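Engineer:
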Amino acid sequence: MTPRPNSPPTVILAGASGYGRHYLRELLHLESTGKIHFAGICEIAPLDSETQRLLGNRPSTPDLPQLLSDTHPDIGIVSTPLHTHLPLARHILTSGAHLLLEKPPTPTLRQWQELVDLSAGAACQVGFQSLGSGAVRRLADLVRRGELGEVTGFGVRGAWSRDDAYYARAPWAGRRTLDGEPVVDGAITNPYAHAVVTALAVDGGDDVSAIELELLRANDIEADDTSCLRLRTDRGTTVVIAVTLCADVEQEPVLVVHGSRGRAELHYTLDRLVLDGVEEVFDHVTPLENLLAHLADPAVPLQSPLAACGGFMRVLEAVRTAAEPVPIDRKWLRRKGNRVVVDGVDDAVVRAADELRTFAELGVPWSVLGRVAEYGVETVVPPEVVARPALHPVRTLGGAVVTGEHPVDHPWHRGIGLALPDVDGVNLWGGRSYRRDRGYVEGELGQVRQAADGTVRWCDSLGAVLLRERREIRRRVVPGGWELTWTSVLSADAEVVLNSPASLGRRGAGYGGWFWRLPDVDPALVRVVAPDGGGTDELNGVVADWLAVVVADPVAPWTAVLSGPRDPWFVRVAQYRGIGSALCWDRPRIVRPGRDLVVEVVMSLHDGVVTPTGQPDVRSKRRWDVMR
Numbered sequence: 001m002t003p004r005p006n007s008p009p010t011v012i013l014a015g016a017s018g019y020g021r022h023y024l025r026e027l028l029h030l031e032s033t034g035k036i037h038f039a040g041i042c043e044i045a046p047l048d049s050e051t052q053r054l055l056g057n058r059p060s061t062p063d064l065p066q067l068l069s070d071t072h073p074d075i076g077i078v079s080t081p082l083h084t085h086l087p088l089a090r091h092i093l094t095s096g097a098h099l100l101l102e103k104p105p106t107p108t109l110r111q112w113q114e115l116v117d118l119s120a121g122a123a124c125q126v127g128f129q130s131l132g133s134g135a136v137r138r139l140a141d142l143v144r145r146g147e148l149g150e151v152t153g154f155g156v157r158g159a160w161s162r163d164d165a166y167y168a169r170a171p172w173a174g175r176r177t178l179d180g181e182p183v184v185d186g187a188i189t190n191p192y193a194h195a196v197v198t199a200l201a202v203d204g205g206d207d208v209s210a211i212e213l214e215l216l217r218a219n220d221i222e223a224d225d226t227s228c229l230r231l232r233t234d235r236g237t238t239v240v241i242a243v244t245l246c247a248d249v250e251q252e253p254v255l256v257v258h259g260s261r262g263r264a265e266l267h268y269t270l271d272r273l274v275l276d277g278v279e280e281v282f283d284h285v286t287p288l289e290n291l292l293a294h295l296a297d298p299a300v301p302l303q304s305p306l307a308a309c310g311g312f313m314r315v316l317e318a319v320r321t322a323a324e325p326v327p328i329d330r331k332w333l334r335r336k337g338n339r340v341v342v343d344g345v346d347d348a349v350v351r352a353a354d355e356l357r358t359f360a361e362l363g364v365p366w367s368v369l370g371r372v373a374e375y376g377v378e379t380v381v382p383p384e385v386v387a388r389p390a391l392h393p394v395r396t397l398g399g400a401v402v403t404g405e406h407p408v409d410h411p412w413h414r415g416i417g418l419a420l421p422d423v424d425g426v427n428l429w430g431g432r433s434y435r436r437d438r439g440y441v442e443g444e445l446g447q448v449r450q451a452a453d454g455t456v457r458w459c460d461s462l463g464a465v466l467l468r469e470r471r472e473i474r475r476r477v478v479p480g481g482w483e484l485t486w487t488s489v490l491s492a493d494a495e496v497v498l499n500s501p502a503s504l505g506r507r508g509a510g511y512g513g514w515f516w517r518l519p520d521v522d523p524a525l526v527r528v529v530a531p532d533g534g535g536t537d538e539l540n541g542v543v544a545d546w547l548a549v550v551v552a553d554p555v556a557p558w559t560a561v562l563s564g565p566r567d568p569w570f571v572r573v574a575q576y577r578g579i580g581s582a583l584c585w586d587r588p589r590i591v592r593p594g595r596d597l598v599v600e601v602v603m604s605l606h607d608g609v610v611t612p613t614g615q616p617d618v619r620s621k622r623r624w625d626v627m628r
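For the sequence shown, UniProt numbering assigns the number 1 to the initial residue and increments by one for each residue that follows.
Here it is, written out as structure tokens:
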């Protein structure tokens with residue numbers, strides 16, 4: 001609908017409490033300046049005296065279709081609880097009005113897509129207030145023109161505190177669902193939703209991938225109140241967002257852009273940009289003011305059109321479908337008046353944004369994912385072992401250790417990592433080297449170095465680089481356990497040949513690739529299962545969508561489920577306990593310049609024995625289905 005000629009647009013408001021009170025005051029101000037005609041509100045709760053005073057003689061009704069029919073507005077504003085957004089927005093759009101929808105737009109990705117389809121032909125603005133800041137536009141321009149140099153990533157830190165009354169203010173507060181409907185009222189998706197959408201706007205990307213979540217809670221609620229998010233935009237930018245509602249000392253959130261030629265800090269709630277220590281404050285246009293300007297002149301773009309919220313909605317969907325937030329152990333919590341404080345969280349969010357690392361990677365003591373795996377190079381290296389960064393020890397959430405280090409039978413085995421026994425004839429693992437028709441003989445041991453930029457360099461004995469590796473290790477909580485995703489991207493400046501003993505003639509010894517050394521457990525307690533059956537060493541060389549490793553330890557049983565690679569699986573249990581993905585099962589693998597080799601394995605770890613077939617334990621079958 002186009003506003004009537006020579007008359008200001010007519011606007012109605014659905015939801016006059018909570019943040020709706022801000023819209024109510026803005027509507028009254030805009031009407032006093034002649035920019036709109038404010039026609040009334042839809043509100044299901046009885047109006048308090050202050051709202052009634054502000055509303056004056058304008059109509060108030062709980063029936064939105066009736067209000068739309070009576071007033072024929074040009075614009076409808078929805079500022080109600082999230083789970084009511086879709087039905088109310090649907091009424092406004094089908095009436096022919098334009099829409100201003102408070103953030104987040106909808107509680108599910110599917111509902112957002114439905115609303116996008118429904119809004120064709122209408123102007124639909126989402127109330128992400130931060131995107132009206134001139135500081136955001138200025139920073140986005142700096143990034144786009146490369147004035148900060150090569151951007152290594154964005155970090156966002158947020159340290160707010162919310163008291164008990166905050167979670168008692170409404171039935172949906174702090175909830176993931178309400179009466180079976182998704183609410184998603186967590187820190188990342190509601191109070192810090194602007195952190196996500198502002199980072200995406202500064203980057204200029206339209207979508208996100210590789211979402212990694214660490215959702216925690218200190219309060220007795222369903223949703224997260226202390227969380228860390230790492231994502232990669234479709235432009236390849238890494239974004240780490242670390243936030244809490246349990247800070248000791250409140251600080252306004254800051255988006256940090258790390259560039260090779262400069263550092264910028266955006267205080268998006270204050271419209272303030274600090275560039276290399278120089279501060280500038282910018283103007284701000286509200287979502288409603290911008291929508292009015294757009295309707296008056298379509299050449300004025302919307303700040304936050306509904307259809308452009310896809311990246312944010314993918315984050316919200318990831319949070320909605322993630323495992324429940326993990327309670328923080330009470331020993332790290334304290335009461336400060338009528339609110340809960342997480343010890344050390346103020347410093348943790350700053351470090352995460354500055355170092356682009358998650359809570360788990362920072363090793364903060366209250367991070368459950370920080371306790372499940374330690375990453376690095378061993379401090380003591382046995383003879384004939386190539387030191388290299390790996391994960392060890394790795395534990396289940398219950399504390400069972402699932403990795404071994406430097407066992408007597410193969411001292412070069414260590415935890416979970418990448419194993420390359422033969423790169424152009426150089427042994428980058430340890431021990432003797434296998435040679436065709438000669439067996440295991442003494443050979444050249446190379447070196448593995450981690451560069452300052454985080455890449456891993458696989459070198460010969462003199463330090464010449466043979467392969468470069470970009471490595472990404474992600475962790476997340478899943479129902480009944482936690483999940484590790486290991487991704488290695490190998491590249492070479494010249495053609496490099498990878499081999500295993502099997503590709504050089506020793507049948508069945510195709511090890512080399514992602515490799516996991518299990519702890520020293522009785523092999524009789526270990527069972528390996530694949531979708532098509534088989535068992536343990538019979539699966540050596542099998543290509544399968546997944547493998548399950550079930551360790552029936554009488555004290556601390558556990559189960560691991562592996563998936564990801566299309567290469568054959570390397571499986572040993574009787575001789576020693578080792579599982580891997582075989583890059584060179586029966587033939588060499590060649591890495592050529594410009595053609596990266598990607599190795600990715602997903603591993604979920606669960607306390608207890610899970611029966612893959614689901615028989616006879618029905619509960620186990622449900623857990624298995626969830627894990628798959």
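Backbone N, C-alpha and C define an ideal beta-carbon position, used for all residues, glycine too.
These numbers were taken from a predicted model, which means no experiment stands behind them.
In angstroms with no decimal places, state the Cα-to-Cα distance between Thr485 and Arg232.
Structural biologist: 15 Å
Engineer: Answer with buried or exposed for Leu583, where buried requires no fewer than 16 other C-beta atoms within 10 angstroms of its C-beta.
Structural biologist: Classification of Leu583: buried, given that the 10 Å Cβ count is 16 or more.
Engineer: Return yes when the Cβ of Gly155 is within less than 8 Å of the Cβ of Leu356, no when it is not.
Structural biologist: yes
Engineer: So, do the region 93 to 108 and the region 244 to 253 have three or more beta carbon pairs nearer to each other than 8 Å?
Structural biologist: no
Engineer: Can you grab the Cα-Cα spacing for the pair Thr613 / Val401, in whole Å?
Structural biologist: Residue placement at Thr613 cannot be trusted, given a pLDDT of 48 that sits under 50; the coordinates are not used to answer.
Engineer: Could you tell me if Tyr268 is buried or exposed, where buried requires 16 or more neighbouring beta carbons within 10 angstroms of its beta carbon?
Structural biologist: buried
Engineer: Could you check whether Ser130 and His194 sit closer than 8 Å to each other, using their CB atoms as the reference points?
Structural biologist: Cβ atoms of His194 and Ser130: closer than 8 Å.
Engineer: Given that a residue counts as buried once 16 or more other Cβ atoms are within 10 Å of its Cβ, and exposed if not, what is Asp424?
Structural biologist: buried
Engineer: Thinking just about the alpha-carbon of each residue, which of Arg388, Thr396, Thr33, Val326 is nearest to the one in Gly430?
Structural biologist: Arg388
Engineer: If you draw a straight line from the alpha carbon of Ala122 to that of Ala199, how long is it in whole angstroms?
Structural biologist: 26 Å
Engineer: Please report the straight-line C-alpha distance between Val136 and Gly153, rounded to a whole angstrom.
Structural biologist: 16 Å
Engineer: Going by other Cβ atoms of all chains shown within 10 Å of its Cβ, with 16 needed for buried, is Val340 buried or exposed?
Structural biologist: buried
Engineer: Please go through the region 36 to 122 and give each complete beta strand (DSSP E) segment of 3 or more residues, from N-terminal end onward.
Structural biologist: 37 to 42, 75 to 78, 98 to 102
Engineer: Mind checking which residues open and close the beta strand (DSSP E) that includes Ser161?
Structural biologist: Per DSSP, Ser161 belongs to the beta strand (DSSP E) from 151 to 161.
Engineer: Does the beta-carbon of Trp412 have 16 or more other beta-carbons within 10 angstroms, so that it is buried, or is it exposed?
Structural biologist: buried
Engineer: Counting C-beta neighbours from all protein chains within 10 Å, is the total for Lys331 16 or more, i.e. buried, or is it exposed?
Structural biologist: exposed
Engineer: In whole angstroms, what is the alpha-carbon distance linking Gly18 and Asp225?
Structural biologist: The C-alpha of Asp225 is placed about 20 Å away from the C-alpha of Gly18.
Engineer: If you follow the alpha helix (DSSP H) that Thr321 is part of, which residue opens it and which one closes it?
Structural biologist: 310 to 321
Engineer: Over the uninterrupted beta strand (DSSP E) stretch that includes Val196, give me the two end residues.
Structural biologist: Counting along the chain, Val196 falls outside any beta strand (DSSP E), though it belongs to the alpha helix (DSSP H) covering 193 to 203.
Engineer: Where does His606 sit, in a helix, a strand or coil, going by DSSP?
Structural biologist: strand
Engineer: For the beta strand (DSSP E) holding Leu547, just list the boundary residues, first then last.
Structural biologist: 546 to 551
Engineer: Under 8 Å by Cβ, that's how I've got residue 634 and Arg414 pegged, so tell me the actual separation to the nearest angstrom.
Structural biologist: The requested residue 634 is not part of the displayed model; the chain covers only 1 to 628.
Engineer: Give the DSSP bridge partners of Ala373, in chain order.
Structural biologist: Val394
Engineer: What first and last residue would you give for the alpha helix (DSSP H) that runs through Pro287?
Structural biologist: Start and end: 287 to 296.
Engineer: Which same chain residues end up closer than 7 Å to Leu93 when comparing Cβ atoms and leaving out the 5 residues on each side of it in sequence?
Structural biologist: Leu99, Leu118, Ser119, Ala122
Engineer: For Lys103, count the other beta carbons within 10 Å of its own beta carbon; 16 or more makes it buried, fewer makes it exposed. Which is it?
Structural biologist: buried
Engineer: Considering Cα atoms alone, identify which of Asp203, Val550, Pro327, Glu214 is closest to Val609.
Structural biologist: Val550
Engineer: Between Leu348 and Asn57, what straight-line distance do the alpha-carbon atoms span, to the nearest angstrom?
Structural biologist: One detail in the question is off: residue 348 reads as Ala in this sequence, not Leu. One alpha carbon belongs to Ala348, the other to Asn57, and they sit about 51 Å apart.
Engineer: Between the alpha carbons of Arg438 and Ser500, how many angstroms are there, rounded?
Structural biologist: In a straight line, the C-alpha of Arg438 is about 14 Å away from that of Ser500.
Engineer: In terms of alpha-carbon separation, which member of Pro287, Phe570, Arg314 lies closest to Leu213?
Structural biologist: Arg314
Engineer: In angstroms, rounded to a whole number, what distance separates the CA positions of Gly20 and Pro253?
Structural biologist: Computed Cα separation, rounded: 23 Å.
Engineer: Taking just the CA atoms, how far does Glu469 sit from Arg449?
Structural biologist: One alpha carbon belongs to Arg449, the other to Glu469, and they sit about 10 Å apart.
Engineer: Check Ala140 in the structure and name its three-state DSSP category.
Structural biologist: helix
Engineer: Out of curiosity, what's the CA-to-CA distance linking Asp409 and Tyr576?
Structural biologist: 8 Å
Engineer: Hey, could you find the ends of the alpha helix (DSSP H) Arg470 is sitting in?
Structural biologist: No alpha helix (DSSP H) contains Arg470, which is instead part of the beta strand (DSSP E) from 465 to 478.
Engineer: Going along the chain, which unbroken runs of the beta strand (DSSP E) with 3 or more residues stay wholly within the region 328 to 383?
Structural biologist: 333 to 336, 339 to 342, 373 to 376
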